[in-house]
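Report on the following structure.
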Ligand code: SF4
Ligand code: SF4
């Protein structure tokens, strides 16, 4: 029997923010795991006493990737507290901006941050362009930017890149690792789309700016409505939005979805064995209100809770069942979960062990442990697609079934890293489709002569009840809990998607979703924890990045021979 | 503030230096080699010259620089960059990624080497840690260090710990900035502390200059426009020199005038035509947002000239006031964002047709900003002297 080995992985790269994972490895498999957020910024105390109209702009600085999400979730919870709803136009424009954010987030996440966990640069260099072109046509009738010529060019580019010693983002990559499963031609197809996605993300950012002012950190949302009324009334703006939508749709249908099929095909064992999903319960608050009262049943993204992977039963969400526990988090608090409406955020840092590892029996993360009815939950695209599937909501079941039948797979296989990655791609297409609808609805509403973009409101003299708008961000369920008195915020708590997924243990010792999902995964070489990264990244722990900047460090590449 | 006379002197000496260097390094061969490289990347010589003139204009350099930029780009050597993330939201990295101004900049950047960047690196854990140590050693005194995010300093900086040894952000920033050729603070967090330094600043977050007391070039904005980040970096790369800075160490080419000075709604300000409520008739007509809290008259930045996302839009274009995101402590001093700042001393034209005395406003503000941050008015043009004076009154 091999020795148990403890491994610290910090920093985890290609994510937003600062994350550490520690694992115990025995016989080449993960036996135990811990997830720790290593940065605390104290945003919640900073919000106390601020003007409620400033809070949205401030909380969007929680994250520079899904900046619209926090901005809108905050604004909606303020609107709940004030007892108002924005007019139809504002709801539709918000959905359109949000759609651009979802597509941006998912595409950038998959290509810039995740695709290199599936596709090996070393493979792409060896690929045969003719066969790559054939393979691309096997997975799509009109594959995106695919031709023998183009693939030749991409290989040339990569070869030059490697030969010059400028590995850039690829430096230190786990080249040739055995856990990579695509044929060289598959590696090439995905990596050529990696490069294309750099261009597509700029288009998507522009799409957000049309009604949102700019990206990142848009600035046209206010409590009660939106400010971009001139853009909304300008038909050319709509034309820009829909033409960019078409351009992006081309990429989603002819690059993103086929690439997911390609990956599913070659990682079919991991898919059917259910690697990388330790979660049993799935939560979605529902997003994109389709009616002005924001009723949960009429949201474009569905609302519900699934327990024990049972897709025959979906429970409605009641936010009163949300609690957060800080037993293993660096905050003061009781030995049990507390409703965010009653909770404080008072740091209590207890440090690390002398050897720099986490104090696993005590507090070990800046992330709290949220629970629903005391249970750990996974949130994100997989949860939303599963809830939608179980509820037969709009056409989500058809989309998921179409994907499964292509691969001769059963619904239970969605409980895996491959399934989580596929769910995100399916959702991207679903949101793209929705964006057309909101654009059409906007035109129809404007035609009726309705130009309203804002609802007037009064400030409460007495402190309001704790108010929350349940919201879906690209990475999962997001809730802002707020109380207001006069113009001022008197209480603020945020429970973000990554808090659910990256959660540490709670008072009962239940692991969070990252921690649970790593158990049992193979790590044949602890210096190259590829499978850990693949699974952790599949949750999209935020951020997106990939600059056209390269690295002169040639030390690492020596051990990897390229024939130029 | 640097006066326009000082600037002229600076440009004259810069031009001389650049010419001397170019004489030594530039040759027909370098040009041909570079032309070849352009071709391989799908650009024509004409595209390239257009880019050089765009950059000259963006950096507000005299036209004489156009040909020098073209030459300098062809011979420029690779400069390693180490990009550190402190307490931040990664919005600055995100903004940097949106650059397309124009695409040739991307090509030029391929000659830069991003030696370390958390959010980009393939590998994780120990391997990147080693990579960082080696990079600092190998490029000692040669690399550019870019910091994104504020540095938590309270309780010994424990609110941010990175790496398997749990190094604090403070220790890490000290270690990496020490041997850099130039240190750049990208974003308001790195420049002035930003959002986590807003009252009551629970983690004692500070901008790099305040936390470490080192010389710095600040490129604030929350996040800064990619134009400002890329432009400042290119200025340093092409001329091997820091651009002229203001008293807050911000490059004058980008932060030398106010949003209000070039705002597309300015005529309405002068005419006394204001939006009074979101979505009202004035809002539909694009009237001035001053009464809705616009901080454009208090804010030094170039958004009104370049807009965002390849000129797609910008906050005032989208009907929202400016929130002053490139000014120190703006979360506290510019708030509430939807109300005018009573103490600013701005006189609103009382009725239609009255012109505002904009010069008066400008000089009042320049004084006010400098006083508010307690910085001595002695910064030299090229290199702002490292000042131990705290930029924040709060501490
Ligand atoms: S300056 Fe703004 S955008 Fe940049 S890291 Fe700080 S909060 Fe994020
Ligand atoms: S106050 Fe604001 S909107 Fe009005 S002219 Fe000045 S910068 Fe523009």
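Residue numbers (the UniProt record's numbering), protein chains in the order written: chain W, 1 to 564; chain Y, 1 to 395.
Note that beta-carbon positions come from the ideal geometry of N, C-alpha and C, so glycine has one too.
Same chain, Cβ closer than 6 angstroms to residue i, five either side skipped, listed in chain order
| i | result |
| --- | --- |
| residue 250(Y) | 218 |
| residue 357(Y) | A caution first: residue 357(Y) carries a pLDDT of 40, below 50, which makes its placement in the model unreliable, though a value can still be read off. Closer than 6 angstroms at Cβ, skipping near neighbours: no residue. |
| residue 192(Y) | 207 and 328 |
| residue 420(W) | 382 and 538 |
| residue 6(W) | 24 |
| residue 64(W) | 216 |
| residue 185(Y) | 147, 191, 208, 216 and 218 |
| residue 351(Y) | For residue 351(Y), the predicted model reports a pLDDT of 42, less than 50, meaning its position is unreliable and no value from the coordinates is stated. |
| residue 577(W) | Since the first and last residues shown for chain W are 1 and 564, residue 577(W) lies out of range. |
| residue 114(W) | 537 |
| residue 212(W) | 97, 218 and 220 |
Closest Cα partner of residue i within the set the options
| i | options | result |
| --- | --- | --- |
| residue 451(W) | 53(W), 63(W), 59(W) and 89(W) | 89(W) |
| residue 565(W) | 321(Y), 333(Y), 46(Y) and 186(Y) | It is not possible to answer for residue 565(W), since the shown part of chain W is limited to 1 through 564. |
| residue 250(W) | 81(W), 477(W), 309(W) and 432(W) | 432(W) |
| residue 379(W) | 413(W), 279(W) and 299(W) | 279(W) |
| residue 367(W) | 361(W), 319(W), 506(W) and 482(W) | 506(W) |
| residue 209(W) | 242(Y), 308(Y), 83(Y) and 179(Y) | 308(Y) |
| residue 89(Y) | 255(Y), 195(Y) and 286(Y) | 195(Y) |
| residue 464(W) | 152(W), 484(W), 349(W) and 529(W) | 484(W) |
| residue 332(Y) | 4(W), 186(W) and 49(W) | 49(W) |
| residue 315(W) | 55(W), 283(W) and 477(W) | 283(W) |
| residue 151(Y) | 167(Y), 137(Y), 142(Y) and 136(Y) | 167(Y) |
| residue 142(W) | 253(W), 72(W), 294(W) and 205(W) | 253(W) |
Neighbourhood of residue i by C-beta, 8 angstroms cutoff - its chain only, sequence neighbours within 5 removed
| i | result |
| --- | --- |
| residue 322(W) | 339, 340, 370, 371, 372, 479 and 495 |
| residue 154(W) | 124, 188, 191, 192 and 195 |
| residue 66(W) | 101, 105, 473, 474, 475 and 542 |
| residue 33(Y) | 74 |
| residue 240(Y) | 21 |
| residue 43(W) | 58, 59, 61, 62 and 494 |
Contact test: residue i Cβ vs ligand 1 heavy atom, cutoff 7 angstroms
| i | result |
| --- | --- |
| residue 333(Y) | no |
| residue 370(W) | no |
| residue 88(Y) | yes |
| residue 188(Y) | yes |
| residue 66(W) | no |
| residue 209(Y) | no |
| residue 532(W) | no |
| residue 537(W) | no |
| residue 274(W) | no |
| residue 222(Y) | yes |
| residue 149(Y) | yes |
beta-carbon residue i near ligand 2 non-hydrogen atom, thresh 7 angstroms
| i | result |
| --- | --- |
| residue 474(W) | no |
| residue 320(Y) | no |
| residue 297(Y) | yes |
| residue 259(Y) | yes |
| residue 265(Y) | yes |
| residue 96(Y) | no |
| residue 289(Y) | yes |
| residue 294(Y) | yes |
Cut-off 7 angstroms between Cβ atoms - residues of its own chain near residue i, not counting five sequence neighbours on either side
| i | result |
| --- | --- |
| residue 154(Y) | 203 and 204 |
| residue 212(Y) | 173, 174 and 177 |
| residue 354(Y) | With a pLDDT of 32 at residue 354(Y), under the threshold of 50, the predicted position of this residue should be treated as unreliable, and no value is reported. |
Checklist line | alpha helix (DSSP H) runs contained entirely in the region 228-286 of chain Y, provided each spans 4 or more residues | finding: 252-255, 266-270 and 281-285
Next item on the list: Tell me, please, whether the region 250-267 of chain W touches the region 438-456 of chain W by the rule of three or more beta-carbon pairs shorter than 8 angstroms.
Entry: Segments in contact, no.
Margin query: Count Cβ pairs between the region 384-400 of chain W and the region 234-245 of chain W that sit closer than 8 angstroms; are there 3 or more?
Written below: The region 384-400 of chain W, when compared against the region 234-245 of chain W, does not touch it at the 8 angstroms Cβ threshold.
Next item on the list: Enumerate, from N- to C-terminal direction, the unbroken alpha helix (DSSP H) stretches of 4 or more residues contained entirely within the region 448-518 of chain W.
Entry: 497-501 and 513-518
Next item on the list: State whether the region 110-128 of chain W contacts the region 220-234 of chain W, with contact taken as three or more CB pairs (one from each stretch) at a distance under 8 angstroms.
Entry: no
Check: Can at least three beta-carbon pairs, one atom from the region 315-334 of chain W and one from the region 287-294 of chain W, be found at a separation below 8 angstroms?
Finding: no
Item checked: Inter-stretch contact (C-beta, 8 angstroms, three-pair minimum) for the region 422-432 of chain W and the region 257-264 of chain W -> Cβ pair count under 8 angstroms is three or more, so yes.
Notebook entry, point to check: Between the region 34-45 of chain Y and the region 53-66 of chain Y, do at least 3 Cβ pairs fall closer than 8 angstroms?
Noted result: no
Item checked: the region 71-87 of chain W in contact with the region 513-522 of chain W per 3-pair CB rule at 8 angstroms -> Contact between the region 71-87 of chain W and the region 513-522 of chain W is not established, with fewer than three Cβ pairs separated by less than 8 angstroms.
Notebook entry, point to check: What are the uninterrupted segments assigned as beta strand (DSSP E) that are 3 or more residues long and contained completely in the region 10-89 of chain W, given in chain order?
Noted result: 19-26 and 29-37
Notebook entry, point to check: Taking the runs of the alpha helix (DSSP H) that are 4 residues or longer, which of them lie wholly in the region 226-255 of chain W?
Noted result: 229-233 and 235-251
Notebook entry, point to check: So, do the region 385-395 of chain W and the region 345-353 of chain W have three or more beta carbon pairs nearer to each other than 8 angstroms?
Noted result: The region 385-395 of chain W makes no contact with the region 345-353 of chain W; the number of CB pairs closer than 8 angstroms stays below 3.
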